[in-house]
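So the structure is just underneath, and the comments pick up after that.
In my numbering, the protein residues as written are 3 to 96.
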């Protein structure tokens, strides 16, 4: 959001700086319009970029499901195989 505000302010100032030598009134009228237009273009760019990342999401979901299934299989193997118990008298003090 701050990036959009910065783009809007920056493009408005640039438009005003370009038009100020020609006409101060035109610079004052065009600067907010240019800033708003740049912010709208930035919103479209962010939306387009965000929808592109959602296209790859199903493949990531499938990979996550496969990893969870393999971890559950490993957990089931660990739950069924008994853990060897070590008696306390087998350890030697150094």
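Where is the CB? At the ideal position from N, CA and C, for every residue including glycine.
Treat the numbers as computed from the prediction; the structure is a model and nothing was measured.
- For the pair residue 73 and residue 41, the CB atoms are not nearer than the 9 Å cut-off.
- Under the three-state reduction of DSSP, residue 24 is assigned to coil, being neither helix nor strand.
- Looking at 29, 25, 24, the one whose alpha-carbon comes closest to that of residue 13 is 29.
- In chain order, 29 place their CB closer than 6 Å to the CB of residue 22, counting only its own chain and leaving out the 5 sequence neighbours on each side.
- Non-local beta-carbon contacts of residue 10 in its own chain, meaning distances under 7 Å to residues more than five positions away in sequence, involve 37, 38, 40, 41 in chain order.
- Under the three-state reduction of DSSP, residue 3 is assigned to coil, being neither helix nor strand.
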